[in-house]
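Take 1 as the starting number for the sequence shown in full-length UniProt numbering and just add one per residue.
Heads up, the beta-carbon is just placed ideally off N, CA and C, and yes, glycines get one too.
The model shown is predicted, which means the values in this text are computed figures rather than measured ones.
Data first, discussion second: the structure below is written as structure tokens.
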Amino acid sequence: MTTHRYGQTAPMPDSIRHFMRAGQHPARAIACPHCGVGAHKPCQIPSRGVPLTNVHQQRIAARAQMVACCTTCQVEPTVPCHTDGRALENGSVHAARYTEADRSAA
């Protein structure tokens with residue numbers, strides 16, 4: 001016997017949907033700049049498309065830059081971290097910004 005679903009499923013606001021995805025890394029809420037996958041999808045090996053269990057470091061850094069202020073270089077969210085006026089390489093962020101991003105997720 002097969003089960004049929006009648007009608008549409010109930011709509012869910014994005015704010016609730018994000019918290020319902022327990023067990024996923026918070027960085028999966030944004031697209032990955034390294035492998036190019038969309039938000040809420042697992043990172044993958046760019047050359048083969050094989051899904052990974054972990055999240056790319058670039059995705060974690062992008063999330064931290066998007067949601068947290070950096071206490072080291074005193075920049076606001078979405079502004080890249082810098083040292084002596086020069087942006088950090090490869091979109092990296094200071095360790096303090098990761099801490100702030102994790103604090104804001106809790």
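Using DSSP with H/G/I as helix, E/B as strand and the rest coil, what is residue i?
{"i": "Pro51", "result": "strand"}
{"i": "Val67", "result": "helix"}
{"i": "Gln74", "result": "coil"}
{"i": "Gln24", "result": "coil"}
{"i": "Ala87", "result": "strand"}
Less than 8 angstroms between C-beta atoms, sequence neighbours within five positions excluded: which residues of the same chain meet that for residue i?
{"i": "His40", "result": "Arg21, Gln24, Arg28 and Ala29"}
{"i": "Gly36", "result": "Pro46"}
Using the Cα positions of residue i and residue j, report the straight-line distance between them to the nearest angstrom.
{"i": "His82", "j": "Ala64", "result": "14 angstroms"}
{"i": "Pro80", "j": "Ala96", "result": "13 angstroms"}
{"i": "Ser92", "j": "Thr72", "result": "13 angstroms"}
{"i": "residue 111", "j": "Gly38", "result": "Nothing about residue 111 can be reported from this structure: the residues present for the chain run from 1 to 106 only."}
{"i": "Ala87", "j": "Leu52", "result": "29 angstroms"}
{"i": "Pro13", "j": "Val55", "result": "24 angstroms"}
If distances are taken between C-alpha atoms only, which option among the options comes closest to residue i?
{"i": "Pro33", "options": "Cys70, Ala95, His94 and Met66", "result": "Met66"}
{"i": "Thr78", "options": "Pro51, Ala101, Pro11 and Cys43", "result": "Ala101"}
Could you tell me whether the Cβ of residue i comes closer than 9 angstroms to any Cβ of chain D?
{"i": "His40", "result": "Structure shown: chain D not included; a single protein chain is present."}
By Cβ distance, which residues of its chain are closer than 6 angstroms to residue i, with the 5 residues on each side in sequence left out?
{"i": "Arg59", "result": "Ala27 and Cys32"}
Quick one: measure Cβ to Cβ for residue i and residue j, integer angstroms, because I've assumed they're closer than 8 angstroms.
{"i": "Val50", "j": "Gln57", "result": "Incorrect: roughly 18 angstroms between the Cβ atoms, too far for contact."}
Leaving aside the five residues before and after residue i along the sequence, list all residues of the same chain whose C-beta is less than 7 angstroms from its C-beta, in chain order.
{"i": "Ala61", "result": "Gly91, Ser92 and Val93"}
{"i": "Ala68", "result": "Pro77, Arg97, Glu100, Ala101 and Ser104"}
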